[in-house]
Structures are given as structure tokens and as C-alpha cells.
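Please read the structure below before turning to the comments.
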Amino acid sequence: MATIKDVAKAAGVSVATVSRVINQSPKASQASIAAVTAAMSALGYRPNANARALVSQSTNTVGVVVGDVSDPFFGVMLKAIDHVVRQQGKQLLIGNGYHDAQTEREAIELLINSRCDSLIIHSKGLSNDELIRYAEEVPGLVVINRYIPEIATRCIALDNYKGAYLATEHLIKHGHQHIGYICSNHDIEDTEQRKAGYLAALAEHGLPHNDSYIEYGTPDEQGGESAMIALLSKQLPITAIATYNDYMAAGSLSVLEDNHIQVPETLSLIGFDDGLIAKYLHPKLTTIRYPIHIMAEQAAMLSLKLAQKDAGEATVRMFVPTLVKRHSVGRATGE
1 MATIKDVAKA
11 AGVSVATVSR
21 VINQSPKASQ
31 ASIAAVTAAM
41 SALGYRPNAN
51 ARALVSQSTN
61 TVGVVVGDVS
71 DPFFGVMLKA
81 IDHVVRQQGK
91 QLLIGNGYHD
101 AQTEREAIEL
111 LINSRCDSLI
121 IHSKGLSNDE
131 LIRYAEEVPG
141 LVVINRYIPE
151 IATRCIALDN
161 YKGAYLATEH
171 LIKHGHQHIG
181 YICSNHDIED
191 TEQRKAGYLA
201 ALAEHGLPHN
211 DSYIEYGTPD
221 EQGGESAMIA
231 LLSKQLPITA
241 IATYNDYMAA
251 GSLSVLEDNH
261 IQVPETLSLI
271 GFDDGLIAKY
281 LHPKLTTIRY
291 PIHIMAEQAA
301 MLSLKLAQKD
311 AGEATVRMFV
321 PTLVKRHSVG
331 RATGE
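Here you go:
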């Protein structure tokens with residue numbers, strides 16, 4: 001493997017000149033740049049990224065921690081971030097946190113040790129205090145999908161409570177009074193906020209809350225299936241169901257189809273997120289739009305600015321979800 005000394009010898013220049021060319025120093029002449037570039041190409045020399053970082057104090061990398069890269073939700077988020085950072089000539093380093101505190105901590109530490117210029121963190125396992133400490137250590141750190149008052153201007157968050165309230169209220173406006181809820185069993189703030197929004201909508205419209213109308217499962221298709229089976233087994237007078245996300249709604253639809261329960265004629269169903277799956281289900285899923293693409297772009301731009309000591313106007317970025325009407329919600333009958 002070629003070394004920097006080999007490049008210097010082949011180019012007929014000093015090691016210091018090679019270093020200046022590699023680190024794009026304005027002191028490097030055009031002749032030196034041409035000679036060194038040609039020598040590196042001929043020898044197959046690849047500059048050491050860590051060594052360059054020690055000189056430039058930058059690796060041109062942006063670190064991102066997500067829950068699980070295999071989840072389509074995070075795929076959309078990463079694509080939006082990547083689009084922004086590539087425009088700035090940077091690359092992504094990605095770590096999975098799996099909503100586990102220790103795993104998230106290890107991922108963040110690895111990205112910090114890799115000298116990432118910016119960090120965009122989706123964390124549900126770490127405490128507010130620990131994320132605040134990381135924010136104090138890393139000027140370019142931004143937290144996405146979470147609101148922490150002490151670092152509010154470095155958070156990009158969604159009003160989950162409002163989203164679930166809108167979903168439940170939409171069902172109520174269609175005449176439904178017996179409304180179930182299929183909830184995530186993950187112990188994270190999104191779960192509590194969305195459940196609270198569902199309960200608040202019932203209360204504010206004078207409808208009673210019944211614990212038996214709520215079932216829990218993993219926030220995916222399998223969790224939706226198991227929760228829907230549990231609800232159906234109770235033989236409750238439910239005419240509509242709000243779900244934690246679109247994937248739980250998809251699992252629920254599968255169970256309803258297997259049991260010959262028509263949607264929305266017999267039972268109405270509403271999701272949350274407006275993921276890619278929502279408009280391809282049958283019937284097409286009425287849901288709450290989670291603007292993760294826009295939020296991710298905002299997080300990337302803010303993180304890059306903070307890393308450059310350009311905070312700009314200090315604002316709180318709390319996004320509001322919106323209702324997407326499709327075909328899975330109908331008017332209540334027999335209420």
C-alpha cells in the first residue's frame with residue numbers, strides 16, 4: 001500500500017507539499033496539485049480520513065442516530081437528511097439506537113469519536129439530561145422527533161398529542177361514539193402523547209373512556225393484528241378504531257378482512273404517519289400526516305448551521321400534523 005512518502009517521491013515534491021494538496025491548502029500551487037493528484041492516482045493512494053481531520057478539524061461527515069434503519073419511516077428521514085448534506089459535499093454516518101438507552105449511547109459516542117461535524121439524533125431511550133449534556137458537548141447536535149425544553153431551539157418535534165386528537169375527533173364527527181384505540185406497547189413519549197390525545201378528544205366531546213376499548217401491541221403489522229384480535233374477542237360495540245400508526249392499521253385491516261368485517265361500512269379505521277403504505281392499502285387509509293421529510297430537512301439544515309457557529313434565529317420548531325382523508329372512515333350506523 002502506497003504511503004504519503006511514495007506519493008511525494010513520485011510527484012517530485014516534499015511530503016509537506018503533498019499534505020498541503022490533500023488538505024486543499026491555498027498555499028499549494030497548481031503545478032503541485034497536478035503532480036500530486038497524478039501521483040496519487042497512479043499509486044492508488046487514498047488519504048487517511050482521520051489524519052486529514054486532525055489538520056482540517058473536519059471529516060465532512062454528518063452523524064445520524066435512528067431507531068431502526070430497516071423501518072420505512074426512518075428510510076424517509078435518512079433520505080431527506082442525505083439530500084441536504086450531499087448538497088454541502090458531506091456524507092452520512094448512521095447508527096441504530098433501537099429505542100434502547102445503552103445502544104443509543106454507544107451509537108452517539110461512536111459518531112462523536114468519528115469526528116462528525118454534525119449530529120442528528122432520534123433518541124427515545126436516553127434521558128433529557130443526558131441528551132442535554134451531549135448537546136453541550138457537540139455544537140452541531142440536533143434532536144429530532146422529541147422536544148426538550150432546555151434545548152428547545154435545537155429540537156425538531158411533532159405535536160403527537162394534536163395528531164391523535166385530530167384522528168379521534170374525525171371519527172367523532174362521523175357520528176362514532178364507541179371508539180377503540182390500538183396503541184403501541186413501547187414505553188416512549190410518542191406512545192403516551194398519542195394515547196393522551198385520543199383520550200382528550202373523547203373527554204372533550206362528552207364520550208366516556210373505557211379501558212377495555214384500548215389494546216396494545218408492537219408498533220408494526222404483527223402488533224396491529226394481535227391488538228385487533230384482542231379487541232374483536234371482547235365483542236364490544238365499537239364502530240371505529242384509531243391506531244398508533246399506519247402499520248398497526250395495516251395489521252388491523254388484515255384481521256378485519258379475515259373476519260369478513262367491512263371497512264368502512266361496518267367499522268371505520270384511521271392510522272397515523274401517512275407512510276408509503278397508507279395509500280396502497282384496501283381501502284386506502286385515512287390517516288394523520290407526519291411531515292417527517294420536511295422535519296428531517298429542517299434538522300439537517302439546522303445541524304449544519306450550528307456546526308458552523310451559525311445558529312441564526314433561535315426558534316422552536318414544533319410541527320403540527322394534518323388529517324389526510326381517504327376511504328377507511330365512514331359514517332356511524334346504529335349509534
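At position 282 of the sequence shown (counting the first as 1) the number is 282 in UniProt numbering, and the numbers step up by one without a gap. All C-beta atoms, glycine included, are put in the ideal place defined by N, C-alpha and C.
Helix, strand or coil for residue i per DSSP?
i           : result
Tyr-244     : coil
Arg-115     : coil
Gly-180     : strand
Leu-171     : helix
Arg-46      : coil
Ser-41      : helix
Gln-308     : coil
Gly-63      : strand
Ile-121     : strand
Asn-259     : coil
residue 340 : Only positions 1 to 335 of the chain appear in the structure, and residue 340 is not among them; the question remains open.
Asn-145     : coil
Ser-14      : coil
Val-138     : coil
Val-324     : strand
Val-55      : Caution applies to Val-55, whose pLDDT of 46 falls short of 50 and renders its modelled position unreliable; the model cannot decide the point.
Ser-25      : coil
Met-1       : coil
What do you reckon, are the CB atoms on residue i and residue j nearer than 8 Å?
i       : j       : result
Pro-291 : His-327 : no
His-170 : Val-329 : yes
Ser-254 : Glu-225 : yes
Ile-294 : Leu-323 : no
Ile-238 : Ile-179 : yes
Ser-268 : His-174 : yes
Ala-203 : His-209 : yes
Ala-296 : Ala-80  : yes
Asn-96  : Val-138 : no
Ala-157 : Arg-146 : yes
Asp-159 : Val-316 : no
Ala-34  : Val-18  : no
So with Cβ pairs under 8 Å, would you call residue i a contact of chain C?
i       : result
Leu-253 : Reference to chain C is not applicable here, since this structure consists of a single protein chain.
Can you name the residues that DSSP bridges to residue i?
i       : result
Asp-273 : Arg-289
Glu-297 : In DSSP, Glu-297 forms no bridge with anything.
Tyr-216 : Cys-183
Ile-33  : Ile-33 pairs with nothing; no bridge assigned.
Gln-91  : Thr-61
Phe-319 : Leu-158
Ser-268 : Ala-240
Asn-96  : Val-66
Our contact map puts residue i next to residue j with C-beta atoms below 8 Å; I'd like the distance itself, whole angstroms only.
i       : j       : result
Ile-121 : Ile-132 : The Cβ separation is near 12 Å, so there is no contact.
Between the region 60-68 and the region 117-135, are three or more C-beta pairs nearer than 8 Å? yes
Three or more C-beta pairs closer than 8 Å, one from the region 86-96 and one from the region 132-151: is that the case here? no
At least three beta-carbon pairs within less than 8 Å, the region 98-117 to the region 126-136: yes
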